[in-house]
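To keep things clear, I will list the structure first and then write my remarks on it.
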């Protein structure tokens, strides 16, 4: 096994470990706020989510798809089963996760190892402390974003489901085009801004390192 193969296998192992840790941290609990009147047959759900945050360079390295897209729809809160309804597992291994379906129109592919279509659907799990119906996706319809995505499996009510999801923690997986013509977003170093040209150049240079002998 040569050094390049070992490096690829190590990256795959580390990526799987971090994604597993991130999903392990997600949990929910039924919650009745103090002083509030009970609502018949409607559970009040509070969820908590924590994510490992990757540096930008590592996010570029492991993404299956990096593209510029326009946000056309963000679904209301859904849960990880086909119907999208809230559910309670019958064992500790069955965990209800809150998520959104994000739909984007492809504007420009930058990296695409998946053969994405013109319209891209991404699963975006929620993050932070929030009520079940609170919107936790901070982009909005009409935004143009440079998005980092990864094909992976997430826990589903009937087993595991293969999905396209954000590569990093939700707020760290995209850069939004601002009125100033720059893409703005968050990284481990805080708020960052890039021109489209500089960001695409950085992505190309990082990906070239993976294919060099």
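Residue numbers (the working numbering): 2 to 214.
Idealized CB from N, CA, C, for every residue including glycine.
In the displayed model, residue 71 falls within a strand according to three-state DSSP.
The residues 107, in chain order, have a CB closer than 6 Å to that of residue 119 in the same chain once the five nearest residues on each side in sequence are set aside.
Around the beta-carbon of residue 205, fewer than 16 other beta-carbon atoms lie within 10 Å, marking it exposed. Secondary structure at residue 200: helix, using DSSP grouped into helix, strand and coil. Under the DSSP assignment, residue 58 falls in the alpha helix (DSSP H) whose first and last residues are 57-63. In this structure residue 175 does not touch residue 193 by the C-beta definition: roughly 12 Å separates them, more than the 8 Å allowed. Under the criterion of beta carbons closer than 8 Å, residue 122 and residue 150 do not qualify as touching, at roughly 10 Å. For the pair residue 66 and residue 207, the CB atoms are not nearer than the 9 Å cut-off. DSSP, read as helix, strand or coil, puts residue 211 in helix. By the neighbour-count criterion, in which a residue is buried when 16 or more other Cβ atoms sit within 10 angstroms of its Cβ, residue 78 is buried.
The Cβ-Cβ distance between residue 56 and residue 99 does not fall below 9 Å.
Residue 70 counts as buried, since at least 16 other C-beta atoms from the protein chains shown sit within 10 angstroms of its C-beta.
Counting only runs that start and end inside the segment 103-191, the beta strand (DSSP E) elements of at least 3 residues fall at 120-126, 129-132, 145-157, 160-167, 175-178, 183-188. Under the three-state reduction of DSSP, residue 205 is assigned to helix. Around the beta-carbon of residue 93, fewer than 16 other beta-carbon atoms lie within 10 Å, marking it exposed.
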